[in-house]
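Numbering (our numbering), first residue to last: 488 to 567. Ideal Cβ placement from N, Cα and C applies to all residues, glycine included.
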């Protein structure tokens with residue numbers, strides 16, 4: 488709700504840390520099967536960078552999904 492977004496590098500580092508922990512607690516197969524979503528401020532302008540990170544598997548989108556144009560841009564830019 489702050490509108491502030493982590494850099495793609497910061498988000499990736501945290502997601503990689505979480506995935507590493509899941510590997511340690513369970514195993515590599517479980518870690519690879521877990522989907523870790525980014526829940527920061529996802530917007531049309533940053534979704535592609537976030538979704539291109541190795542350990543970010545999806546996004547929890549808030550206000551940017553409230554208009555059809557913004558949501559459509561999120562879907563298109565986030566799926567490439």
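Among the bridge pairs identified by DSSP, residue 545 is matched with 524. A Cβ-Cβ contact shorter than 7 Å links residue 522 with residue 544. Excluding five sequence positions before and after residue 505, the CB atoms of its chain that fall closer than 8 Å to its own CB belong to 523 and 542, given in chain order. For residue 563, the three-state secondary structure derived from DSSP is helix. Take residue 540, set aside five residues on each side of it, and the residues of its chain with a beta-carbon closer than 8 Å to its own are 495, 498, 499 and 502, in chain order. Pairwise C-beta distances place the segment 544-561 out of contact with the segment 510-520, as fewer than three of them are shorter than 8 Å.
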